[in-house]
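Undergrad: In full-length UniProt numbering, the protein residues as written are 1 to 123.
For each residue, glycine too, the CB sits at the ideal point set by N, CA and C.
As the structure is a prediction and not an experimental result, all values here were calculated from the model.
Please find one structure pasted underneath; my questions will follow.
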């Protein structure tokens with residue numbers, strides 16, 4: 001089963017992601033801020049990470065940087081899920097190592113489709 005780690009400070013978004021992704025057959029794990037997400041990453045060992053940008057303790061750029069260059073360096077796909085949509089932020093996220101960008105509110109079917117494409121997970 002494909003494992004997803006979602007990092008978002010919004011309980012509502014985490015719950016929406018859980019319902020959507022578990023319903024599509026993914027194993028769902030979540031963290032309420034970037035620091036927790038980076039901390040639990042090695043234990044979860046996800047196939048894909050979804051992170052918000054604006055969070056307390058460690059923002060999404062910090063998460064991307066930590067996962068791409070830190071002690072648990074990884075090449076797993078990292079999707080940014082945020083209300084932000086500026087080209088500057090998208091470029092910054094790509095440069096940091098993000099795989100893709102999805103603007104909130106997200107469409108369940110589109111998100112599931114992107115995750116399946118990135119992970120090779122087919123229902």
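Quick check on this structure: which residue in 25, 58, 1, 20 has the alpha carbon closest to the alpha carbon of residue 7?
TA: Nearest option by C-alpha distance: 58.
Undergrad: Considering just the uninterrupted stretch of the beta strand (DSSP E) at residue 100, what are its terminal residues?
TA: 100–103
Undergrad: Quick check on this structure: which residue in 23, 15, 87, 44 has the alpha carbon closest to the alpha carbon of residue 109?
TA: Nearest to residue 109 by C-alpha distance, out of 23, 15, 87, 44, is 23.
Undergrad: Which term fits residue 85, buried or exposed, when burial requires 16 or more other beta carbons within 10 angstroms of its beta carbon?
TA: exposed
Undergrad: Using DSSP with H/G/I as helix, E/B as strand and the rest coil, what is residue 51?
TA: In the structure shown, residue 51 sits in a strand (DSSP, three-state: E or B).
Undergrad: Between the Cα of residue 83 and those of 103, 97, 118, 37, spot the shortest distance and give me the residue it belongs to.
TA: 103
Undergrad: Could you check what DSSP says for residue 91 in three-state terms: helix, strand or coil?
TA: helix
Undergrad: In the DSSP assignment, find the beta strand (DSSP E) that holds residue 30 and state where it starts and stops.
TA: Start and end: 27–31.
Undergrad: Between residue 37 and residue 51, which are expected to be in contact by the criterion C-beta below 8 Å, what is the C-beta distance as a whole number of angstroms?
TA: 7 Å
Undergrad: Which same chain residues end up closer than 6 Å to residue 78 when comparing Cβ atoms and leaving out the 5 residues on each side of it in sequence?
TA: 49, 64, 98, 99
Undergrad: If I measure Cβ to Cβ from residue 90 and keep anything under 7 Å in the same chain, skipping five residues before and after, which residues do I get?
TA: 101
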